[in-house]
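Throughout, the numbering used here is defined as the position within the sequence shown, counted from one, plus 203. For each residue, glycine too, the CB sits at the ideal point set by N, CA and C. Only a predicted model underlies this, so the values are computations on that prediction, with no experimental measurement involved.
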Amino acid sequence: STVDSGLELMKHISSDEAIQLKDKLDSLQRRYNDLTSRGSDLLKHAQEALPLVQQFHNSHNRLVDWMLGAETQLQCAEPREDDIQRLEQDIQEFRPVLESINLIGPQLCQISPGEGASTIEGLVTRDNRRFDAIAEQIQRKAERIHLSKQRSLEVIGDIDELLDWFREVEAQLREAEPPSAEPDVIRVQLKEHKALNDDIGGQKSRVRDVISTAKKVLRESAQHEDTGTIREKMEDLRENMEAVSTLSRDRLEVLEQALALAEHFCESHADLSTWLDEMERHVSMLAMPALRPDLIAQQQDKNELLVQSITEHKPLVD
Numbered sequence: 204s205t206v207d208s209g210l211e212l213m214k215h216i217s218s219d220e221a222i223q224l225k226d227k228l229d230s231l232q233r234r235y236n237d238l239t240s241r242g243s244d245l246l247k248h249a250q251e252a253l254p255l256v257q258q259f260h261n262s263h264n265r266l267v268d269w270m271l272g273a274e275t276q277l278q279c280a281e282p283r284e285d286d287i288q289r290l291e292q293d294i295q296e297f298r299p300v301l302e303s304i305n306l307i308g309p310q311l312c313q314i315s316p317g318e319g320a321s322t323i324e325g326l327v328t329r330d331n332r333r334f335d336a337i338a339e340q341i342q343r344k345a346e347r348i349h350l351s352k353q354r355s356l357e358v359i360g361d362i363d364e365l366l367d368w369f370r371e372v373e374a375q376l377r378e379a380e381p382p383s384a385e386p387d388v389i390r391v392q393l394k395e396h397k398a399l400n401d402d403i404g405g406q407k408s409r410v411r412d413v414i415s416t417a418k419k420v421l422r423e424s425a426q427h428e429d430t431g432t433i434r435e436k437m438e439d440l441r442e443n444m445e446a447v448s449t450l451s452r453d454r455l456e457v458l459e460q461a462l463a464l465a466e467h468f469c470e471s472h473a474d475l476s477t478w479l480d481e482m483e484r485h486v487s488m489l490a491m492p493a494l495r496p497d498l499i500a501q502q503q504d505k506n507e508l509l510v511q512s513i514t515e516h517k518p519l520v521d
């Protein structure tokens, strides 16, 4: 080797030259030892850094792939509720991945300062900014869906309340007593029904307000299971409202017609009763046919007047 050759040469040269050669050999050995030590250190650092680098890039690539898909979903005008719920779960799953990147990144920067460290720092910074932006969008959309569902539940509650009211009134109208034959009773029935009809009118106004609110909620809401329920209940409410309105209108017409007929009947009945009483009294007072012509003529005149009166009252009896 070079050192062995140098040592052998020192035995044959002058002392001054030997000293110079010895310095060269020592310097060579020292530089070689330093280089060996540095090489060992670099190899050790590389062996230590390799798993960290692999873990960092695996985590970075996994996170970037997810963020790309999440951003694509978030660009939809109205992401579905289940998509946002899944993204919320993904945030919890990938946050530890980001934390791993934040932990390993600085370690790699210490192992490899300079350009490599700048690259790692840039990746870590971009990953954090991108992840935070996605998390914020998911949170905003989740809050919007939550508020939308709250408004939907409120609308559903209002519709259900109105449906219950109209169904109860529909049953009440279908089971209502028929008009009475007595005008006074019909007037009470008519008064009660007009009050109910006024209530129906008030509830119809409320239905219009609730349906208007429901349509607004549907326009502003993200698609979730409650939106379909609202549409179905809106249609049910319209049908029930129309059915009740028709039943109420029909009963009002029947009661008003019955009142007019009952009043006419009572008035006619009273007139006929008075007339019949009078006629029966006249008939009872009529004498048997007389034997004198002049008296028979008088009796005949009275009988003709009686028959005429009976004939005139026949239409009233009919």
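Q) Can you tell me whether residue 216 is buried or exposed, with buried defined as 16 or more other CB within 10 angstroms of its CB? A) Counting of Cβ neighbours within 10 angstroms places residue 216 among the exposed residues, the total staying below 16.
**Q.** Cβ distance (whole Å) where residue 444 is taken to contact residue 334 below 8 Å
**A.** About 51 Å; that fails the 8 Å criterion.
Q | Contacting residues, own chain, Cβ-Cβ under 7 Å from residue 462 (five flanking each side not counted) | A | 386, 389, 390 and 393
Q) What residues in its chain sit with their C-beta under 7 Å from that of residue 437, if we drop five residues either side in the sequence? A) 362, 414 and 417
Q) Do three or more CB pairs link the stretch 339 to 350 to the stretch 298 to 308 at distances below 8 Å? A) no
Q.
Helix, strand or coil, according to DSSP, for residue 299 in the structure here?
A. helix
Q: Can you tell me which of the three DSSP states residue 382 falls into?
A: coil
Q. Do the CB positions of residue 330 and residue 266 come within less than 7 Å of each other?
A. yes
Q. With DSSP run on the structure shown, which of helix, strand or coil describes residue 431?
A. Residue 431: helix per DSSP, three-state reduction.
Q) Where does residue 284 land, buried or exposed, given buried means 16+ other C-beta within 10 angstroms? A) buried
Q. Got a sec, what are the start and stop residues for the alpha helix (DSSP H) residue 281 sits in?
A. No alpha helix (DSSP H) contains residue 281, which DSSP labels as neither H nor E.
Q.
Distance check for residue 346 and residue 281, CA to CA, integer angstroms please.
A. 13 Å
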